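There are 2 protein chains.
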Amino acid sequence: MSKLKFLALGGMGRVTQNLYLYQYEQEILLIDCGIGFPDIYMPGVDALIPDISYLLNQIEAGAKIVGMILSHGHDDHIGALPFLLPNLPDFPIYASPLTAQFAHDRLLDKKVDKNIQVLGDRQNFSLGQYFKFQFIAVTHSVPDSKHILLETPVGKIYHGSDFKLDKNPVDGHLTDMEFIEQIGRQGDLLMACLDCLRVERDVWTPSESTVGPALLREMQNVEGKILVTLMSSHLHRIQQTITACQELGRKVVFVGRSVEQNVKTATQSKSLTIPKGLLIDKKKIKQIPDEKLCIIIAGSQGQEGSSLVRAVYGDHQIVQISNRDKVIFSADVIPGNEIPYYSAIDQLAADEVDVVYPEIRPNIHRSGHASRVEQELMLKLLKPKFVMPIGGADRHRSLFKKTVAKPLSYQDWQILLPKSGEVLEIDRQRVSVAQQVSLSAKTVDGLGIGDVGPIVLSDRLNLSKAGIIVLLLPRFKKKIDYSKMQVISRGFVFMKEADEVVNYIKKETVKIAQDLGKNVKDEELKRRLEKRLARRLFKVIRREPMILPVIWDIER
Amino acid sequence: MSKLKFLALGGMGRVTQNLYLYQYEQEILLIDCGIGFPDIYMPGVDALIPDISYLLNQIEAGAKIVGMILSHGHDDHIGALPFLLPNLPDFPIYASPLTAQFAHDRLLDKKVDKNIQVLGDRQNFSLGQYFKFQFIAVTHSVPDSKHILLETPVGKIYHGSDFKLDKNPVDGHLTDMEFIEQIGRQGDLLMACLDCLRVERDVWTPSESTVGPALLREMQNVEGKILVTLMSSHLHRIQQTITACQELGRKVVFVGRSVEQNVKTATQSKSLTIPKGLLIDKKKIKQIPDEKLCIIIAGSQGQEGSSLVRAVYGDHQIVQISNRDKVIFSADVIPGNEIPYYSAIDQLAADEVDVVYPEIRPNIHRSGHASRVEQELMLKLLKPKFVMPIGGADRHRSLFKKTVAKPLSYQDWQILLPKSGEVLEIDRQRVSVAQQVSLSAKTVDGLGIGDVGPIVLSDRLNLSKAGIIVLLLPRFKKKIDYSKMQVISRGFVFMKEADEVVNYIKKETVKIAQDLGKNVKDEELKRRLEKRLARRLFKVIRREPMILPVIWDIER
Numbered sequence: 210m211s212k213l214k215f216l217a218l219g220g221m222g223r224v225t226q227n228l229y230l231y232q233y234e235q236e237i238l239l240i241d242c243g244i245g246f247p248d249i250y251m252p253g254v255d256a257l258i259p260d261i262s263y264l265l266n267q268i269e270a271g272a273k274i275v276g277m278i279l280s281h282g283h284d285d286h287i288g289a290l291p292f293l294l295p296n297l298p299d300f301p302i303y304a305s306p307l308t309a310q311f312a313h314d315r316l317l318d319k320k321v322d323k324n325i326q327v328l329g330d331r332q333n334f335s336l337g338q339y340f341k342f343q344f345i346a347v348t349h350s351v352p353d354s355k356h357i358l359l360e361t362p363v364g365k366i367y368h369g370s371d372f373k374l375d376k377n378p379v380d381g382h383l384t385d386m387e388f389i390e391q392i393g394r395q396g397d398l399l400m401a402c403l404d405c406l407r408v409e410r411d412v413w414t415p416s417e418s419t420v421g422p423a424l425l426r427e428m429q430n431v432e433g434k435i436l437v438t439l440m441s442s443h444l445h446r447i448q449q450t451i452t453a454c455q456e457l458g459r460k461v462v463f464v465g466r467s468v469e470q471n472v473k474t475a476t477q478s479k480s481l482t483i484p485k486g487l488l489i490d491k492k493k494i495k496q497i498p499d500e501k502l503c504i505i506i507a508g509s510q511g512q513e514g515s516s517l518v519r520a521v522y523g524d525h526q527i528v529q530i531s532n533r534d535k536v537i538f539s540a541d542v543i544p545g546n547e548i549p550y551y552s553a554i555d556q557l558a559a560d561e562v563d564v565v566y567p568e569i570r571p572n573i574h575r576s577g578h579a580s581r582v583e584q585e586l587m588l589k590l591l592k593p594k595f596v597m598p599i600g601g602a603d604r605h606r607s608l609f610k611k612t613v614a615k616p617l618s619y620q621d622w623q624i625l626l627p628k629s630g631e632v633l634e635i636d637r638q639r640v641s642v643a644q645q646v647s648l649s650a651k652t653v654d655g656l657g658i659g660d661v662g663p664i665v666l667s668d669r670l671n672l673s674k675a676g677i678i679v680l681l682l683p684r685f686k687k688k689i690d691y692s693k694m695q696v697i698s699r700g701f702v703f704m705k706e707a708d709e710v711v712n713y714i715k716k717e718t719v720k721i722a723q724d725l726g727k728n729v730k731d732e733e734l735k736r737r738l739e740k741r742l743a744r745r746l747f748k749v750i751r752r753e754p755m756i757l758p759v760i761w762d763i764e765r
Numbered sequence: 210m211s212k213l214k215f216l217a218l219g220g221m222g223r224v225t226q227n228l229y230l231y232q233y234e235q236e237i238l239l240i241d242c243g244i245g246f247p248d249i250y251m252p253g254v255d256a257l258i259p260d261i262s263y264l265l266n267q268i269e270a271g272a273k274i275v276g277m278i279l280s281h282g283h284d285d286h287i288g289a290l291p292f293l294l295p296n297l298p299d300f301p302i303y304a305s306p307l308t309a310q311f312a313h314d315r316l317l318d319k320k321v322d323k324n325i326q327v328l329g330d331r332q333n334f335s336l337g338q339y340f341k342f343q344f345i346a347v348t349h350s351v352p353d354s355k356h357i358l359l360e361t362p363v364g365k366i367y368h369g370s371d372f373k374l375d376k377n378p379v380d381g382h383l384t385d386m387e388f389i390e391q392i393g394r395q396g397d398l399l400m401a402c403l404d405c406l407r408v409e410r411d412v413w414t415p416s417e418s419t420v421g422p423a424l425l426r427e428m429q430n431v432e433g434k435i436l437v438t439l440m441s442s443h444l445h446r447i448q449q450t451i452t453a454c455q456e457l458g459r460k461v462v463f464v465g466r467s468v469e470q471n472v473k474t475a476t477q478s479k480s481l482t483i484p485k486g487l488l489i490d491k492k493k494i495k496q497i498p499d500e501k502l503c504i505i506i507a508g509s510q511g512q513e514g515s516s517l518v519r520a521v522y523g524d525h526q527i528v529q530i531s532n533r534d535k536v537i538f539s540a541d542v543i544p545g546n547e548i549p550y551y552s553a554i555d556q557l558a559a560d561e562v563d564v565v566y567p568e569i570r571p572n573i574h575r576s577g578h579a580s581r582v583e584q585e586l587m588l589k590l591l592k593p594k595f596v597m598p599i600g601g602a603d604r605h606r607s608l609f610k611k612t613v614a615k616p617l618s619y620q621d622w623q624i625l626l627p628k629s630g631e632v633l634e635i636d637r638q639r640v641s642v643a644q645q646v647s648l649s650a651k652t653v654d655g656l657g658i659g660d661v662g663p664i665v666l667s668d669r670l671n672l673s674k675a676g677i678i679v680l681l682l683p684r685f686k687k688k689i690d691y692s693k694m695q696v697i698s699r700g701f702v703f704m705k706e707a708d709e710v711v712n713y714i715k716k717e718t719v720k721i722a723q724d725l726g727k728n729v730k731d732e733e734l735k736r737r738l739e740k741r742l743a744r745r746l747f748k749v750i751r752r753e754p755m756i757l758p759v760i761w762d763i764e765r
């Protein structure tokens, strides 16, 4: 019998870029299709998309994608659809109703046309010859989130994407524990992949429904406007804010592209209920007295250019914040965003605006991820032969092994921690690494996809540290005239005050050129100038600007 | 009677760049002289130093610095000494023994010669005609930290820099509560400045001495080497690590320039005691079996190029980490450092190295700052007429007002939250804003001080986002020959694959130039090219590279 192949195309040990490949013989099943978020080492990059070259190779070799299943509507699980679908043959995509709707929005944004099929829970569905799957309801920070039970020729696999075990979810849709228990009771689960992101915490993640009353308390006795900022897809949080507004007699206005779009979609698909008369169009904001107004606004990470940040810095056309207002950050900071996030809070505090955030009011935000104890419970119930932590960084995966799987008597060979790019082969008895592929995520920068590679990024980082010096070397009749050399720079020193440095550079350039002699080739001259000038400048000023010598042939 | 002037030269609402000016008539007293740390918006910058132009103006106008007092040995309180002293007239500097030693090291690093006078606690000392001061022992994350009681003609001022109220400090030197109580009992304290950094936490900060036993527990039953990384000036933490090593029979090696230097200084000044035979020179590291070795290593923030990070990525000459070793991060992440800090931890986890950090083991690090409850106790004891939170960001200052000062019945006019650059005038009755000065911190970049200003920084940020395009426009006999134009770029797109973009740029350049006509001036042409090309490129590719047109007159 053949083995089942498994690969995380977005890389293992990453929280984002979720895209999982399951392959049996020539049939490929994909789960999720998410983007990644660039860090400080990728300036200018808007997003990262998983590397699908392995997938394309398999197709080239005759394999066929029999379907893609989307687990939930977050961008790190659906955001890469518009970038990747155009490069792939057609195949059916399946999702829960709201996830399908969100995915549809993402596709529409980029003018990609694709129908997504909606499936209910516990509905067994066949894909190709070898795969069956069904959705299992779970709770998470976006409604309509699902886990996926796969049936494959080698056995059943539980693909447990992002979840928490919320005992009292806002929409009443509990995690389908009955079904999960049943899987475990059958005792034949081969493998479970489980969201391990929040394994560092060992207290059951509080229910989302505890946030509503906390928000209500924060919203009482505010003289001016209330601004609530949150993740724009967090519809349960939005729903609870709306409920609080209704209780307090405040009208609700949505501001910010992502919030407005998601609310529109969610209202249409009945994932969000806004009582009649409560909603105000943002253009009519001035007609409502401040004390009767609550603005739900995008920008909860302090993102540059977001509606909230523009409002904070007095740069928003519609929303002005005064010191009678209160701003509620109903969102944790995502690691890497600390500087803009706290800058926004500090600016509000400096302007004497009442501002609260989870660090001082833990109950105005609760995570959407399962803590260690919930992960443990899931593993206890499912009793798979193999377990693989997913959706976390390497430190989370390692901790899952130590604090979740090991205490439940899983042996090393049963706990799967594949490295990024490792293709696993799974059968009923064992899991082995069949192949190591190299994965390099493609960058999305503006309208360009993949044209900003490692060299361009490394140039950008170098440029940011010490700027650039362009050395213009004119050559007349095969002879460079160094007396006519020009030095231009940006980001190095303030050039109007830098005569001394410029003269130094010119002088050193001449010296280096003289050392090299007349017969030196262009490429060699440029390379030497780059290196030697860099070294000399570093000695003199301890900076390493990029040096760009340009030889310019002028024949007249 | 004259009033006392007060200004934070490093800016209010900043945690770092501590440099406070107190002026009475023509006499100026300075407290601390610290650097600031650049954030992601200041690429390439090594440090920030406070803007002393106000101070220089005062001196110009006849004022005299009667002395500088250093509160403790952290770089954000002493690190700017070598940069600022050379630009100021001579004046005496006072510090506790260890602080003086650390300050001396900083000065020596930059070859600045200056003697620092050592003073004991509770020793009344006169500065000039108007000021007296004495040191008050406090606990903090570096030994020998002090608060300062100033006597000025308008009244007594308690300058309470960084502190915690450690009930069981490692070196037994408790905060001098008796003296602090006595100040309060006298009932004549005019103003207290108090470290508010940790006001968000409302549980008494645990004693540093609780960390030692926790470290010992972590260090037990480790097969291989142990690496402990920590703040290099945290001598009490180092002392406790040494004690644990002694107990476990492990030799100690210090690795990393800052750790090695500080340990040397602290050993000489008896702030650190290393039992005989315990210390091993790092060159002899190979002679000690792994299970008998503990390396105390610099790089607890995951700083690029630090000893720890080089070791983590297999790039350190002496320290190699294997999966039998254990790495202990005995330091919290400082906001802004999350990416490198967690990357180092993730890399270790991926390499199957046992790694622990405060998020999963809270007791292997404890803060050196007072929580809200300790701040409250200080204020209760001191009973000043005016109180000013210092050493925190704006959100901390605002929270101090709300949760510390207000509940103790301080009125708005008694709680001082000056904005950055506000010069306060203080007398026995009231505090008012006398003047607003503009403060712009100077940058240290390599060997250059202050030559990287806002324009250069903004250029660097722009360069990092989309790179640079240099347009070379040759002019022969007063006519630009667009057919000979050259386009060079870095950090924009990978140029070898970018013929299309280059041709587009050339074509658009010609069009723009034609639109402008022949009589356009050079500056105008360049400005228009920059703007219009930027706009057109943004439309086509949604990127905004810096555009640098260069007109080059060639007369031959």
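Protein chains in written order, with my numbering: chain E, 210 to 765; chain V, 210 to 765. Every residue, glycine too, gets a C-beta built ideally from N, C-alpha and C. Please read all numbers here as calculations on a predicted model, not as lab measurements.
>> Cβ closer than 8 Å: which chain V residues qualify as neighbours of E:W761?
In response: L681, P683, Q695 and W761
>> Taking contact to mean 3 or more Cβ pairs, one atom from each stretch, closer than 8 Å, check whether the stretch 506-522 of chain E and the stretch 338-358 of chain E are in contact.
In response: no
>> Between the stretch 681-688 of chain V and the stretch 216-227 of chain V, can you find at least three pairs of beta-carbon atoms closer than 8 Å?
In response: no
> Can you give the Cα-Cα distance for V:Y522 and V:Q723, rounded to whole angstroms?
Replying inline: 55 Å
> If contact means a Cβ-Cβ distance below 9 Å, which residues of the stretch 655-673 of chain V contact chain E?
Replying inline: G655, L656, G657, D660, V661, G662, I664, V665, L666, S667, D668, R669, L670, N671, L672 and S673
> Does the distance from the C-beta atom of E:V420 to that of E:R575 stay below 8 Å?
Replying inline: yes
> Among residues of its own chain, excluding the 5 on either side of V:L626, which ones have a beta-carbon nearer than 6 Å to its beta-carbon?
Replying inline: R606
>> Is V:D731 near the ligand ATP - that is, is its Cβ less than 7 Å away from at least one heavy atom of it?
In response: With respect to the ligand ATP, the structure offers nothing, as it holds no ligand at all.
>> Using only the alpha-carbon positions, how far apart do E:L734 and E:V759 sit?
In response: Looking at the backbone, the Cα of E:L734 and that of E:V759 are separated by about 10 Å.
> How far does the alpha helix (DSSP H) with E:Q477 in it reach, from first residue to last?
Replying inline: R466 to Q477
> Among residues of its own chain, excluding the 5 on either side of E:T384, which ones have a beta-carbon nearer than 6 Å to its beta-carbon?
Replying inline: Correct list, in chain order: V347, T348 and L374.
>> Just to confirm, is the Cβ distance from V:G676 to E:R669 under 8 Å?
In response: yes
>> Looking only at its chain, what residues have a beta carbon closer than 7 Å to the beta carbon of V:K376, apart from the 5 residues adjacent to it on each side?
In response: Closer than 7 Å at Cβ, skipping near neighbours: S416.
> At a CB-CB cut-off below 7 Å, which residues of chain E make contact with V:I750?
Replying inline: Taking the beta carbon of V:I750 as reference, the chain E residues within 7 Å of it are G655, L656 and G657, listed in sequence order.
> Applying a beta-carbon distance threshold of less than 9 Å, which residues of chain E neighbour V:V437?
Replying inline: Under the 9 Å cutoff, chain E gives no residues; its nearest Cβ is about 18 Å from V:V437.
>> Residues in the same chain with beta-carbon distance under 7 Å from E:I543, minus the five sequence neighbours each way, listed in chain order, please.
In response: Counting only Cβ-Cβ distances below 7 Å, and skipping sequence neighbours, we find Q510.
> Just the Cα atoms here: how many angstroms apart are V:R331 and V:P306?
Replying inline: 14 Å
>> Please report the straight-line C-alpha distance between E:E739 and V:I494, rounded to a whole angstrom.
In response: 39 Å
> Is the stretch 694-704 of chain V in contact with the stretch 654-664 of chain E, if contact means three or more CB pairs nearer than 8 Å?
Replying inline: yes
>> Assuming the contact rule is C-beta atoms closer than 8 Å, E:D404 and E:H445 should be a hit. Round their C-beta distance to whole Å, please.
In response: The pair is not a contact, with the Cβ atoms about 18 Å apart (cut-off 8 Å).
>> Please give me, in chain order, every unbroken run of the alpha helix (DSSP H) with length at least 4 that falls completely inside the stretch 241-280 of chain E.
In response: The DSSP assignment places 262-269 as complete runs of the alpha helix (DSSP H) inside the stretch 241-280 of chain E, in order along the chain (cut-off: 4 residues).
> In the stretch 307-336 of chain E, which residues sit with their C-beta less than 9 Å from some C-beta in chain V, listed in chain order?
Replying inline: none
>> Please report whether the beta-carbon of E:Y551 lies at a distance below 8 Å from any beta-carbon of chain V.
In response: Chain V contact via Cβ: present.
> For the beta strand (DSSP E) that contains V:H368, what are its first and last residues?
Replying inline: G364 to G369
> Should E:E409 be flagged as near chain V, meaning a C-beta pair shorter than 8 Å?
Replying inline: Any Cβ of chain V closer than 8 Å to the Cβ of E:E409 would place that residue at the interface, and such an atom is present.
> What did DSSP end up calling E:F595 once you bin it into helix, strand or coil?
Replying inline: strand
> What's the gap between the Cα of V:P247 and the Cα of V:Q455?
Replying inline: 39 Å
> Does E:G396 get closer than 8 Å to chain V when you measure Cβ to Cβ?
Replying inline: Chain V places no beta carbon closer than 8 Å to that of E:G396, leaving this residue out of the contacts.
> Excluding five sequence neighbours on each side, which residues of the same chain lie with their C-beta closer than 8 Å to the C-beta of E:K611?
Replying inline: none
> So who's on the other strand from V:M400, going by DSSP bridges?
Replying inline: V:I366 and V:F595
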